[in-house]
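Asker: The opening residue of the sequence shown carries number 0 in numbering that gives the first Met the number 0; numbering runs sequentially from there.
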Amino acid sequence: MILVTGGAGFIGSNFVLDWLASHDEPLLNLDALTYAGNMENLAALDGDARHVFVHGDIRDRALLDRLLAEYRPRALLHFAAESHVDRSIHGPAAFIRTNVEGSFTLLEAARGYWNGLDDGAKAAFRFHHVSTDEVYGSLAPDAPAFTETHLYQPNSPYSASKAASDHLVRAWHHTYGLPVLTTNCSNNYGPFHFPEKLIPLMIVNALAGKALPIYGDGLNVRDWLYVKDHCSAIRLVLERGQPGQTYNVGGWNERTNREIVEAICALLDELRPDPAGPHRRLIQFVTDRPGHDRRYAIDARKIERELGWRPAESFESGIRKTVQWYLQNDAWVQRVQSGSYRDWVAQHYTGSAR
Ligand code: NAD
Ligand code: TYD
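This is the structure:
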């Protein structure tokens, strides 16, 4: 079986669902269920014995040791993180705790487990670290996209904490020989995306007739990757990636934030017209994010050249699917917005949620 951390979050839950839709290999899902973890993302797996969920923290070494000894996974995929840049600006401590200390604890537990494996299992084991393009810092408008050898220049507490975890993963390979894989991907979007990030926030606000806050001049550029494409890249890297290597994963879709919000508004005008007028009337330019990176762009040629991966979705097809998903999953949105999605934690683990 494989062990996934953070499998109740946005990307992790998409990965878990896609994995079990295409494999019979069981999956152990370890997640602390912070505000970003939502068991409703995994409701389709209720009663499915291939999915074993454990509520726990990646900083809990004793728990990790027990789970590794009991379930003996052939691979560990590390998604768990604090992931929102704006939150990292207001409260960086949680980012250091989970992204740095948590990744360190996981690496140490994995190393202890891996050292005890027989030679065959040791050679086959993989520690796959899921990271971000934000570790590379900000690009000038005409600069070439990030390759795997780009300098690390993180600018936010979030990206600095992820950069730290990438360095730890690299060192555990170089020093101890742990067979690690790292993927650095661009901004994901798609189903189950928590509406604090740009795309889901704009969709749910527009549907509610609320303001669509664009930071600064709205000309910051991100590369957008449909989450299912990210999941297919991770599956391929896990299967065929070279231990010790990093792979950049991107959607070949650079867009300004203005373009993103305009595209969402146009789709909503088509799919759910508002009698009060075009959705773009709700756009408001607001105070910029401190230290706001101007541009991220991924050069995803290495993963294409070496492993044959390219994203299946264009931005146009992916954003249409995403808007349609939010229109069809109003109950999920309501429960996230009201906070009632967290009732699962309260009901199952009275007093233990954070
Ligand atoms: P998310 O915030 O939606 O989910 C994170 C998950 O990790 C949640 O389920 C949360 O409960 C869990 N978690 C947090 N702290 C934990 C801890 N201490 N122990 C156990 N579980 C814990 O994040 P996401 O958007 O799904 O991102 C997943 C990974 O992908 C992260 O490592 C992130 O840095 C990386 N990434 C995300 C994006 C993106 O666009 N969302 C882009 C590049 C890289
Ligand atoms: P976000 O989804 O937070 O991802 P990241 O900061 O990790 O790239 O933000 C994406 C872009 O959208 C980023 O340039 C900040 C901008 N943004 C807004 O303009 N308004 C918003 O309300 C949010 C959440 C983000």
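Ideal Cβ placement from N, Cα and C applies to all residues, glycine included.
#1: Beta carbon of R60: closer than 8 angstroms to some heavy atom of ligand 1?
#2: Can you give me the start and stop residues for the alpha helix (DSSP H) that N256 sits inside?
#3: What do you get for V285, buried or exposed, if any count of 16 or more other CB atoms within 10 angstroms of its CB means buried?
#4: Applying the 10 Å Cβ sphere with the 16-neighbour rule, what's the burial state of S269?
#5: Is the distance from the Cβ of P153 to the Cβ of V134 below 9 angstroms?
#6: Are the beta-carbon atoms belonging to G55 and A93 less than 9 angstroms from one another?
#7: State the beta-bridge partners of W223 as determined by DSSP.
#8: Three-state secondary structure (DSSP) at N247?
#9: Using three-state DSSP, classify R294 as helix, strand or coil.
#10: Give the secondary structure of Y70 by DSSP, where H, G and I count as helix, E and B as strand, and everything else as coil.
#11: Should K209 be labelled buried (16 or more other beta-carbon atoms within 10 Å of its own) or exposed?
#12: By DSSP's criteria, L76 is part of a beta bridge. Which residues make up the other side?
#13: Under 8 angstroms from any heavy atom of ligand 1, does the C-beta of K320 make it?
#14: Would you say the beta carbon of V168 is closer than 8 angstroms to some non-hydrogen atom of ligand 1?
#15: Would you report the Cα separation of L177 and A205, rounded to the nearest angstrom?
#16: Buried or exposed: S351, going by 16 or more other Cβ atoms within 10 Å of its Cβ?
#17: Using C-beta distances below 8 angstroms, list every residue in its chain close to R319, excluding the 5 sequence neighbours before and after it, in chain order.
#18: So, with DSSP's three-state summary, where would you put I213?
#19: Which value, in whole angstroms, describes the spacing of the CA atoms of H192 and H291?
#20: Once DSSP output is grouped into helix, strand and coil, what is the label at D30?
#21: In angstroms, rounded to a whole number, what distance separates the CA positions of F126 and L180?
#22: Would you give the residue range spanned by the alpha helix (DSSP H) that V203 belongs to?
#23: Less than 9 angstroms separating the beta-carbons of S158 and T182?
Answerer: So, from the data block:
#1: no
#2: N256 to L270
#3: exposed
#4: Residue identity check: residue 269 is Glu in the sequence provided, not Ser. E269 should be labelled exposed.
#5: yes
#6: no
#7: N186
#8: strand
#9: strand
#10: helix
#11: exposed
#12: V3 and H127
#13: no
#14: no
#15: 47 angstroms
#16: Because S351 carries a pLDDT of 43, less than 50, the predicted location of this residue cannot be relied on, and no value is offered for it.
#17: L266
#18: strand
#19: 21 angstroms
#20: strand
#21: 6 angstroms
#22: L197 to L206
#23: no
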